[in-house]
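Residue numbers (our numbering), protein chains in the order written: chain A, 1 to 240; chain B, 241 to 480. To keep things clear, I will list the structure first and then write my remarks on it.
Number of protein chains: 2
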Amino acid sequence: MPTHFILVRPQMGENIGFCARAMANFGLRSLRIVAPRDGWPNEAANRPSAGALQDGHIDVQVFDTLEAAVADCHYVYATTARERALAKPVNGPREAAQASFQRQGRGLSTAILFGPERSGLSGDDIALANAIITFPVNPEFSSLNLGQAALLMAYELYQAQGDDEGELLPFVGHQDAPPANSQMIQHFLADLQARLDARGYFTPAERADVMKQNLQALFMRMDLTEQDVKSLFAVVKMLG
Amino acid sequence: MPTHFILVRPQMGENIGFCARAMANFGLRSLRIVAPRDGWPNEAANRPSAGALQDGHIDVQVFDTLEAAVADCHYVYATTARERALAKPVNGPREAAQASFQRQGRGLSTAILFGPERSGLSGDDIALANAIITFPVNPEFSSLNLGQAALLMAYELYQAQGDDEGELLPFVGHQDAPPANSQMIQHFLADLQARLDARGYFTPAERADVMKQNLQALFMRMDLTEQDVKSLFAVVKMLG
Numbered sequence: 001m002p003t004h005f006i007l008v009r010p011q012m013g014e015n016i017g018f019c020a021r022a023m024a025n026f027g028l029r030s031l032r033i034v035a036p037r038d039g040w041p042n043e044a045a046n047r048p049s050a051g052a053l054q055d056g057h058i059d060v061q062v063f064d065t066l067e068a069a070v071a072d073c074h075y076v077y078a079t080t081a082r083e084r085a086l087a088k089p090v091n092g093p094r095e096a097a098q099a100s101f102q103r104q105g106r107g108l109s110t111a112i113l114f115g116p117e118r119s120g121l122s123g124d125d126i127a128l129a130n131a132i133i134t135f136p137v138n139p140e141f142s143s144l145n146l147g148q149a150a151l152l153m154a155y156e157l158y159q160a161q162g163d164d165e166g167e168l169l170p171f172v173g174h175q176d177a178p179p180a181n182s183q184m185i186q187h188f189l190a191d192l193q194a195r196l197d198a199r200g201y202f203t204p205a206e207r208a209d210v211m212k213q214n215l216q217a218l219f220m221r222m223d224l225t226e227q228d229v230k231s232l233f234a235v236v237k238m239l240g
Numbered sequence: 241m242p243t244h245f246i247l248v249r250p251q252m253g254e255n256i257g258f259c260a261r262a263m264a265n266f267g268l269r270s271l272r273i274v275a276p277r278d279g280w281p282n283e284a285a286n287r288p289s290a291g292a293l294q295d296g297h298i299d300v301q302v303f304d305t306l307e308a309a310v311a312d313c314h315y316v317y318a319t320t321a322r323e324r325a326l327a328k329p330v331n332g333p334r335e336a337a338q339a340s341f342q343r344q345g346r347g348l349s350t351a352i353l354f355g356p357e358r359s360g361l362s363g364d365d366i367a368l369a370n371a372i373i374t375f376p377v378n379p380e381f382s383s384l385n386l387g388q389a390a391l392l393m394a395y396e397l398y399q400a401q402g403d404d405e406g407e408l409l410p411f412v413g414h415q416d417a418p419p420a421n422s423q424m425i426q427h428f429l430a431d432l433q434a435r436l437d438a439r440g441y442f443t444p445a446e447r448a449d450v451m452k453q454n455l456q457a458l459f460m461r462m463d464l465t466e467q468d469v470k471s472l473f474a475v476v477k478m479l480g
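So this is what it looks like as structure tokens:
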């Protein structure tokens, strides 16, 4: 079941494009637009979408009313920055994303409503929602626009998928290189110590053991790979 | 200690403005700009910043080089989407934000590097970082621009402040020793490279840059303390 982003009476085509781009970046497909001011399709949306609208990454549906747009949705969130007197649960984007992902696993669809740029969602719009999403922002400078709010929400929905499956993020890096085993590291350290010893590094004699331990500790906590040890061998050999 | 956003050779003033706005939304103050294409100040940044630049929400500093911009930073992340052969730890934005918050609690500063719009950070830029941040995006449509990447990072840094402070990442024992800042580490690396260069280590010439980057990467991911750098200096001096 998809998660729908629903733009309610959006004004600028440019912002529809930014929303589409944000969605595509995070694997969301379903964009519903309610009564867009400048109609649909809207040429102004294309460039800001960075290809998301033109290349089939996004399915767009247009509706005359919000009622029609949310008709088949199982749970509806209204995004709003303002304090509202309406008695609805208020969520942060992260917890809403996690709940949406769980709902998806149960075969239930979620909609996220975003209001018009200038005024935000109306009381009547919010009345159609089950709950509210408020973005945590700096109280002294809160200026999230439509595209930014959509980006954060899309990001959290994508992250929520990874949370559940454990580690979905591609954590590559030097962890993939074969780590040096203890023998390799000790071999390198013995070589280094011998060279330093020959040059009288470990003085005074009563501090020699501590100095050697410190040197060892320095290299032991580096999570050295085999390649690292080879490089260090080469460096030390070259210097000596 | 602040978290710095560092824009490296940014091209469009507009994007500098979007970054400033993203930062102000999430309570970040320190924006460092390295060699902006169109100079600084730049009129084009003002409107997209939504007042963040004009109303004193952001402190801007301009630098000629990235080395100078990171000199006083204790830990540096490079944001990059590409697969890199460099042996550096790769983090998602969330874990990087949590680690930055913990670092802050220990009086240590963090920098996040963002590259030029078209090309992204260069290998030389990334060589100055301790670790990489990669944003998890849809592999079939990955089109995060500079402002969007800055927004997500700023958002995660703000969220990390609110996370349960009991949930600390495991820092190993050397955490109490004062960590080396970037300037100290680069100073050591420059000395080591000069010594190796004088001995003809970086051959063949066409591999010299890669060899230097690999050597740099090896020491950059060690979380070196000030004492470690002193020890390494002494070791290298003694060997040479």
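Each residue gets a CB set at the ideal place from its N, CA and C atoms; glycine is no exception. Computed from a predicted model, the values in this text were never measured in an experiment.
Taking the alpha-carbon of residue i as reference, which of the options has the nearest alpha-carbon?
i: residue 57(A); options: 207(A), 28(A), 129(A) and 71(A); result: 28(A)
i: residue 187(A); options: 202(A), 161(A) and 224(A); result: 224(A)
i: residue 100(A); options: 20(A), 196(A) and 160(A); result: 160(A)
i: residue 279(B); options: 295(B), 251(B), 344(B) and 475(B); result: 251(B)
i: residue 199(A); options: 437(B), 458(B) and 477(B); result: 477(B)
i: residue 475(B); options: 67(A), 215(A), 229(A) and 234(A); result: 215(A)
i: residue 356(B); options: 281(B), 332(B) and 256(B); result: 256(B)
i: residue 228(A); options: 470(B), 451(B) and 375(B); result: 451(B)
i: residue 192(A); options: 95(A), 239(A) and 121(A); result: 239(A)
i: residue 232(A); options: 184(A), 72(A) and 6(A); result: 184(A)
i: residue 259(B); options: 360(B), 394(B), 430(B) and 311(B); result: 394(B)
i: residue 59(A); options: 143(A), 41(A) and 113(A); result: 41(A)
i: residue 252(A); options: 344(B), 375(B) and 338(B); result: The displayed coordinates of chain A run from 1 to 240. Any statement about residue 252(A) would go beyond what the structure contains.
i: residue 230(A); options: 203(A), 189(A) and 202(A); result: 189(A)
Are any of the Cβ atoms in chain B nearer than 8 Å to that of residue i?
i: residue 108(A); result: no
i: residue 37(A); result: no
i: residue 146(A); result: no
i: residue 184(A); result: no
i: residue 128(A); result: no
i: residue 187(A); result: no
i: residue 1(A); result: no
Using 10 angstroms around the beta-carbon of residue i, count the other beta-carbons present and answer buried if the total reaches 16, otherwise exposed.
i: residue 14(A); result: buried
i: residue 8(A); result: buried
i: residue 242(B); result: exposed
i: residue 349(B); result: buried
i: residue 422(B); result: buried
i: residue 80(A); result: buried
i: residue 411(B); result: No answer about residue 411(B) holds up, because its pLDDT of 38 lies below 50 and its placement is not dependable.
i: residue 387(B); result: buried
i: residue 446(B); result: exposed
i: residue 118(A); result: exposed
i: residue 453(B); result: buried
i: residue 418(B); result: exposed
i: residue 408(B); result: Residue placement at residue 408(B) is poorly supported in this model, since its pLDDT is 39, which falls under 50; the coordinates are not used for a value here.
i: residue 413(B); result: Residue confidence for residue 413(B) is low, a pLDDT of 39 falling below 50, so the modelled location carries little weight; the figure read from the coordinates is stated next. Result: exposed.
i: residue 24(A); result: buried
i: residue 332(B); result: buried
i: residue 346(B); result: exposed
i: residue 150(A); result: buried
i: residue 338(B); result: buried
If the cut is a Cβ gap below 8 Å, which residues of chain A does residue i touch?
i: residue 266(B); result: 137 and 138
i: residue 455(B); result: 231 and 235
Say whether chain A places a C-beta atom closer than 8 Å to the C-beta of residue i.
i: residue 274(B); result: no
i: residue 402(B); result: yes
i: residue 475(B); result: yes
i: residue 314(B); result: no
i: residue 297(B); result: yes
i: residue 395(B); result: yes
i: residue 391(B); result: yes
Which residues of chain B have a Cβ atom closer than 7 Å to the Cβ of residue i, listed in chain order?
i: residue 228(A); result: 458
i: residue 240(A); result: 479
Going along chain A in order, which residues have a C-beta closer than 7 Å to the C-beta of residue i?
i: residue 398(B); result: 136
i: residue 462(B); result: 222
Name the chain B residues whose beta carbon is nearer than 8 Å to that of residue i?
i: residue 143(A); result: 261, 264, 265, 290, 291 and 292
i: residue 9(A); result: Here the premise fails: no neighbours, minimum Cβ distance about 22 Å.
i: residue 196(A); result: 475, 478 and 479
i: residue 199(A); result: 478 and 479
Query raised in the report: Just checking, does the segment 62-76 of chain A make contact with the segment 30-43 of chain A on the three C-beta pairs under 8 Å criterion?
Result: yes
Requested in this report: Mind the definition here: the segment 282-293 of chain B touches the segment 310-317 of chain B only if three or more C-beta pairs lie below 8 Å; say whether that holds.
Outcome: no
Query raised in the report: With contact counted as at least three CB pairs below 8 Å, one residue from each stretch, are the segment 445-464 of chain B and the segment 366-379 of chain B in contact?
Result: yes
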